[in-house]
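Numbering (our numbering), first residue to last: 50 to 281. Cβ coordinates follow ideal geometry from the N, Cα and C atoms, glycine included. Read through the structure below, which is laid out as structure tokens, and then see the notes.
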């Protein structure tokens, strides 16, 4: 499995498809912290939302890094389609982890905040970035060529589902509670990051809510593998 992941990562780096989203990521970080000082959690909330959209971009380019012919050859070598897709998800997860760390550490290094962040601020910042990144990866995977053959529909689908997730977060008060649990739980992160920098202790409910975002993402990934298997 490690050999497959290494091959997929090297192949992806050779495509340079990561350059546009990575460039935008760096620019957003620089611009967001151009003027200092800034509130801690509000700033992290903004960059986590930016990363949410950019991880959708990264995910599509990762799944589409190989053309159909090369992908078929790679799949034959791996012998299992599930291994091929699992390798891509692993790379997506590593990328999400890395960019989440950069998003949290960069403003601390340049002292961009009103006050020095406490451990709880750093933890909340990382959980916000990483959980939303995983959610974006899972939702985006449903619109890759594994399930959607038309490339144009892939991009419209990705943009649509990510925007809808944000809209749900703004309209959650008008949505039935039972239905809300079935929809992408992006709103949990936005709510938790709006508590203010004066927070002294992370409430236990916050851990449960971030856990639900991650569980939701993994359930969507399981759905992805189920749908891919049904199409075979």
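Residue i versus residue j: straight-line alpha-carbon distance, rounded
i, j, result
"residue 104", "residue 186", "6 Å"
"residue 132", "residue 184", "21 Å"
"residue 264", "residue 121", "31 Å"
"residue 257", "residue 169", "15 Å"
"residue 204", "residue 192", "8 Å"
"residue 134", "residue 62", "17 Å"
"residue 109", "residue 268", "19 Å"
"residue 355", "residue 210", "Residue numbering for the chain in the displayed model covers 50 to 281; residue 355 lies beyond these limits and cannot be assessed."
"residue 102", "residue 276", "23 Å"
"residue 52", "residue 248", "45 Å"
"residue 66", "residue 88", "33 Å"
"residue 217", "residue 143", "27 Å"
"residue 291", "residue 117", "No information on residue 291 is available, as it lies outside the stretch 50 to 281 that the chain covers here."
"residue 274", "residue 250", "38 Å"
"residue 129", "residue 56", "16 Å"
"residue 159", "residue 230", "38 Å"
"residue 200", "residue 194", "7 Å"
"residue 83", "residue 76", "10 Å"
"residue 163", "residue 244", "16 Å"
"residue 266", "residue 236", "14 Å"
"residue 202", "residue 278", "21 Å"
CB-CB length for residue i against residue j, believed under 8 Å
i, j, result
"residue 308", "residue 100", "In the structure as shown, the chain starts at 50 and stops at 281, and residue 308 therefore has no counterpart that could be examined."
"residue 270", "residue 112", "In fact, because the Cβ distance is near 13 Å, the residues do not count as touching under 8 Å."
"residue 161", "residue 252", "Between residue 252 and residue 161 the Cβ distance is about 26 Å, and since that is not below 8 Å, they are no contact."
"residue 239", "residue 92", "With a Cβ gap of about 13 Å, residue 239 and residue 92 do not count as contacting."
"residue 246", "residue 90", "6 Å"
"residue 151", "residue 171", "Not quite, the Cβ-Cβ distance comes to about 13 Å (not below 8 Å), so this is no contact."
Check whether residue i and residue j have beta carbons under 8 Å apart
i, j, result
"residue 106", "residue 156", "no"
"residue 173", "residue 242", "yes"
"residue 207", "residue 219", "no"
"residue 212", "residue 234", "no"
"residue 123", "residue 115", "yes"
"residue 145", "residue 175", "no"
"residue 18", "residue 140", "Because the chain is modelled from 50 through 281, residue 18 falls outside the range shown and cannot be assessed."
"residue 136", "residue 54", "yes"
"residue 97", "residue 177", "yes"
For residue i: DSSP bridge partner residues
i, result
"residue 112", "Residue 112 pairs with nothing; no bridge assigned."
"residue 87", "162"
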